[in-house]
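Written out below as C-alpha cells is the structure these notes cover.
Residue numbers (my numbering): -12 to 1109.
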C-alpha cells in the first residue's frame, strides 16, 4: 500500500511509515548490515554521573562487543484484520559485551571509578570515553549504523581510557587492549582504501553515485584491488545497458563521468575525496566550486591536491566540519591491503612521512583549536609540542625540535608566531585569534593615545541626582561611596576607552544611569550585553533599550548563529551610526573574538565603556579580554603615578565601597561592610581584603550580620537533609508544606481554585536558587534537582502521565507543569506570544535564562502536548514548547533546550541575581577556583547560605593564584605571553600572577614588594601561614616570621585604609591579635607574638618601598645599608 493510502486509511497524515511492507523494506535494509560474529556493537549513553562538562554533540562510550544474534521482525497484535499489517520498529539484537573474562567484549568500569575512595574529588574526565561531536548523528536515535571511520575513532578513544585503568580499576585490561587492537585491524580491512567513493560521486553531480559505488564493490571481485578500473568498467557497461551500474548511469551521468575523465585535475580531486569517510554534504562542500565559494573556502583544486590537510584547515568554520582524523586516516591507512591499493593511484604530492610538514601544521591547528575551547588564545612552543606528541594519530606525529623548527617556517598563513616574554622562545596562535588580538590591541591603544575627551561637570551632583537625595551627614560610608562614584563618572566621561569595575553591590548600576543621563551622552547610547539575562538587567539599569551582542552583530553578518563564529574582517559591514557611548555590561563574559567583532562593526564611537567584574569566572571561549584590559589600564595608571584623570584616552573606574542592600536600620556611619561581600573578597584574584578574615570569623562564630550563613556537611545525605531544613526554616519562602503548591508559592504563585497563577510571571523564579560547581558528582545539581522534586513534588511524574488534564513529563529532565526551568542554549524560538495577545511572534532565547512553566498548551478537550514558559528576563512574553521539540532526538548536538533549574551550576548563574542563594561547595572538587567561588558568593541580593563539605578554612587554599581560572589562560593582549610552570604543575600566565624573588605566588603586587624586601634582608618568612589559637579561632597573617626562642612576628600589609569599612575591619583584626597575646611592635610585642603592619598611601598615592624597607630594618634590628 502506498503511504498516501495508508494515511487515508488512518484518517490523518503521519510522518511515520505505516504499511508493514514498506516498514520491512526499510528495516530489512537497516538490519541486513549486521552480521553475527563479525559486526561490532558499541554501547553509548548521553550522560553518566562521572561527567561534569557536557560537550555538545558528544556521547559517552560505555562498552564494546560483537553482535551475536539479530532477531526477526515482530508484527503488532491486532484486534481485527486490516490492510496495513504494521510491524514493530524494534528488533532484538544480542551482543557479547558481557562475555566471560572480557574475552569478546567489555564494559568500561565507570561504577568502579565512582566507588574508588582514592578518586573522590578528582577530575575523572580522563577516564571517560567520549565520541567526537562530529559523530553526533551516528551515535543518536537509539540505534544507528556506524561508519568504519567512526568505529575506529570510537575504539581509539576507548583504548585511550583502557590504557589508564591498570592499577585504578579491576579487570583484565591487557586482554581488552589486545581485543581492541584486533577489532581495529578487522575494521581497517573492511574499510578499504576508498570509503568515501559514493559521497565523492554524489558531490561530482552523479545523483546515483552512492548506489553505483555499492554495486561496483558488491559485484566485482576485483573492485577492492582496483576500484577505479572497476568503476570505469561499470560506467562503460552501463552505457550499453548492462553491468553493475545498469539503470543508474543514464545520459547526464555519462556526460558528467566523461567530463571528469577529461579533466585530470578534477578527477584527481575526486579520487582524493574518495579516500576520506565524508558525508555527501561534506564532499560537495569541497568538490563543488560554487559550494566551496558559498562556504567561504577560498582554495583551488590544485592547492587541495598539493596539501590534502587544507581540507581540514579550511573547513573548520562549518557546522559539520571535517575532522583532522578523517583526513589523516585517508592518507595513512593502517591496513596493508588498503595502502597497496592507494599506491596504485598516488597523489600528485604524496603524504608519506609521519612528520610531513603538512601533517604537522594541521595537527598544530587542531591542538590550538582545542586549546581555544579551554580558553587559551595561544600556546607556548614547548606546550604545543608536548600536546602534538600526545595526539591520538597513527603513526605518531612527534617531530624533533630541529624538525619542528623547520616545519614551523611553513605555518603561515594558518598559524602565526608570537614572541614570549623573557626570552622564553616562541608561542603560536591561530591566525584568526591573532587577528582578533591585533584588532583589540590596536583599537585600545589608538583610543588611549588620542587623549581625553574635553568635558566638565559637577560629577558629585550628577551622582546625587541619580541616587535621588543627599547622603545623611553622619553616614561616612555613603559619602565615601558617592565621592568614589563621582571620580569614576569623571573617568568614564573623559575616557575614549574605559572599564568600570567593582564587586557586586558597589553601585555600577548607579554609574551607568549617571553616564547615560549626562546631556552630552543621552540619546545616542548603544547598550549591549553578552546574554539575554544581562541585556534585560542593563536596560533596566540605564532606563533604555538594550540588546544582546548577538542581536546587534547578526544584522551586520558579524556573527553566525549556526556555527557560533564571529567575522572580524575589516571589509565587513559597518554600523554607520554615531554613538556618544557604547556600553557593554557583564563584559567579563566576552571572549576575544566577540569583542573583536564588536570593534570591527562599530563606526564612530566617542566612548567605549566595558562594565563588569574581572574577579568573576572568565568567559566561555578563548581569551579574557576584560581582565587583560583592566590590568593594562591599571598598569598604565601606575606608570602615571596612579592618577585616574591623567592625560590619556583610557581610564579605569573602580568602585570599592559596597552599598548593596544597605540595612535601613543600621546606624548612620556604620563602619562595617556586609559579611557576604567581605567573604567573597577572600577569593578576589587581585588580592583578598582584611575584611575577609574578620567576616569569616564572625559568620563561623554565629555573630554575622545575617547576609551569610555557613553550614557544614560530610555526606550527600547530610547535605540533602540540611538543605531541606534550611528551606523549610525560611518563612519568607513558604515551603513549610511539602507539596507542589508550597513550591509554587515560593516562586510568587497565588493559588486560585487549586491552580497556581504567577502574577509576576517568570520573575518569581529569581526568589531563590540552589547553586553548585558540579553537575553529576556528590553535591551536584542533578541530585539537588531530584531532591526538590522528591520532597515537594513526590508523585508528580506519575500524575502527569495518568491525568488527562496535565501534559506528560517532557525532555531529558522530565519537566512538569509549574517546574522551574532554564534555557539550555541560544536559539530563535518561533512560538512566542505577548501576554494576553494571541498573535505569534519570534523571540530569542538565551543560554541560562531562568523561568517557570506557568501553563500547559494543546487542543481543548485533549491531553496537553505542550507547556508555556515565562522567563524572568523577558517580561510579558510567553514561550510555548511542544513535546515534539522537547522529547525528540536533540536537534542541536544533543543539547536540551529546557532543563530543570531548582539547582543550576555556578557557571550557568553568571549574569543572574537572586534574592536568596544556597551555594553547595563539595570539597575536594577539581573545579574549584577563586573565580568560581567569588562568582558563587555574589549571585544574591539579600542572603546567601553556604553549604561547605568539611572545614570551611580549607577553602582558603583555593583562593590563591595557583587555582586561578583567569591566570591559567595564555593570551597576548597588551603584553607578551609569559608562561610560568607553577609548583602544582599547572602552566600560568606570568602577566596575571604575582611572583616573589623566592618564586612564591602571592595575591597582589604590594605583597610582592613586601616579600622581596624581607627576602633581600634575609628575613625567613612564611607567606599566609594559618594562625590557629587555643580557642580554635584563626586568622591568616600575610607573613609569619618565626624566631628561635622568641615569639613570632606577624606582618600584615594594609592597602585601603582610606575606606572606613576597611579601617573598621582592620581594627577588629588588631583587637583579635591583642586578645590573643599578640601586641604591636611599637608596644614591644606580646607573649604570643609581635604584630607589624605596613601601609600604602591613602587615596591615589602608591606604595613606598623605601618606607617599608626602613620599617623592616627597624623591626628586625638590621642596620641601614651603606
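For each residue, glycine too, the CB sits at the ideal point set by N, CA and C.
Enclosing alpha helix (DSSP H) for residue i [first to last residue]
i, result
"residue 772", "768 to 779"
"residue 1034", "Looking at the DSSP string, residue 1034 is not in any alpha helix (DSSP H); the run it does join, the beta strand (DSSP E), is 1033 to 1041."
"residue 317", "311 to 318"
"residue 923", "917 to 923"
"residue 1010", "Careful: residue 1010 lies outside any alpha helix (DSSP H), inside the beta strand (DSSP E) at 1008 to 1010."
"residue 375", "368 to 376"
"residue 384", "No alpha helix (DSSP H) holds residue 384; DSSP gives it neither H nor E."
"residue 186", "184 to 190"
Where residue i falls, given that 16 or more other Cβ within 10 Å makes a residue buried
i, result
"residue 888", "buried"
"residue 428", "buried"
"residue 65", "exposed"
"residue 959", "buried"
"residue 792", "exposed"
"residue 564", "exposed"
"residue 829", "exposed"
"residue 779", "buried"
"residue 478", "buried"
"residue 248", "exposed"
"residue 306", "exposed"
"residue 63", "exposed"
"residue 683", "buried"
"residue 971", "exposed"
"residue 831", "buried"
"residue 607", "exposed"
Pairwise C-alpha distance: residue j and residue i
i, j, result
"residue 153", "residue 88", "16 Å"
"residue 933", "residue 756", "12 Å"
"residue 742", "residue 817", "27 Å"
"residue 686", "residue 790", "48 Å"
"residue 1114", "residue 677", "Outside the shown range of the chain, which is -12 to 1109, sits residue 1114, and nothing can be said about it."
"residue 296", "residue 315", "8 Å"
"residue 917", "residue 671", "7 Å"
"residue 730", "residue 170", "53 Å"
"residue 784", "residue 16", "38 Å"
"residue 1105", "residue 1016", "30 Å"
"residue 937", "residue 1029", "29 Å"
"residue 42", "residue 33", "10 Å"
"residue 909", "residue 643", "30 Å"
"residue 93", "residue 48", "11 Å"
"residue 1031", "residue 1054", "29 Å"
Identified DSSP bridge partners for residue i
i, result
"residue 512", "568"
"residue 547", "552"
"residue 683", "Partner(s): none; residue 683 has no beta bridge."
"residue 904", "756, 931"
"residue 49", "Answer is none; residue 49 lacks a bridge partner."
"residue 831", "815"
"residue 886", "809"
Terminal residues of the beta strand (DSSP E) in which residue i lies
i, result
"residue 809", "807 to 810"
"residue 638", "637 to 641"
"residue 1065", "1065 to 1067"
Kindly confirm or deny that the region 76 to 88 and the region 257 to 276 touch, where touching means at least three C-beta pairs closer than 8 Å. no
- For the 8 Å Cβ check, are there 3 or more pairs between the region 455 to 462 and the region 882 to 898? no
Checklist entry - Within the chosen definition, does the region 440 to 454 reach the region 474 to 487 through at least 3 CB pairs nearer than 8 Å? => result yes
Is it a yes or a no for the region 929 to 943 touching the region 791 to 808, going by three-plus beta-carbon pairs under 8 Å? no
**Prompt:** Any chance the region 191 to 198 sits against the region 231 to 251, with 3 or more Cβ pairs inside 8 Å?
**Reply:** yes
Next item on the list: Mind the definition here: the region 495 to 512 touches the region 540 to 557 only if three or more C-beta pairs lie below 8 Å; say whether that holds.
Entry: no
Does the contact criterion of 3 or more C-beta pairs under 8 Å hold for the region 763 to 773 versus the region 856 to 863?
no
Q.
Can you confirm whether the region 997 to 1012 touches the region 400 to 420 when touching is taken to mean that 3 or more C-beta pairs between the two stretches lie within less than 8 Å?
A. no
Tell me, please, whether the region 172 to 179 touches the region 319 to 337 by the rule of three or more beta-carbon pairs shorter than 8 Å. yes
Check: Is it true that the region 6 to 13 meets the region 738 to 754, where meeting means three or more beta-carbon pairs spaced less than 8 Å apart?
Finding: no
- the region 218 to 233 contacting the region 333 to 351, beta-carbon criterion three pairs below 8 Å: no
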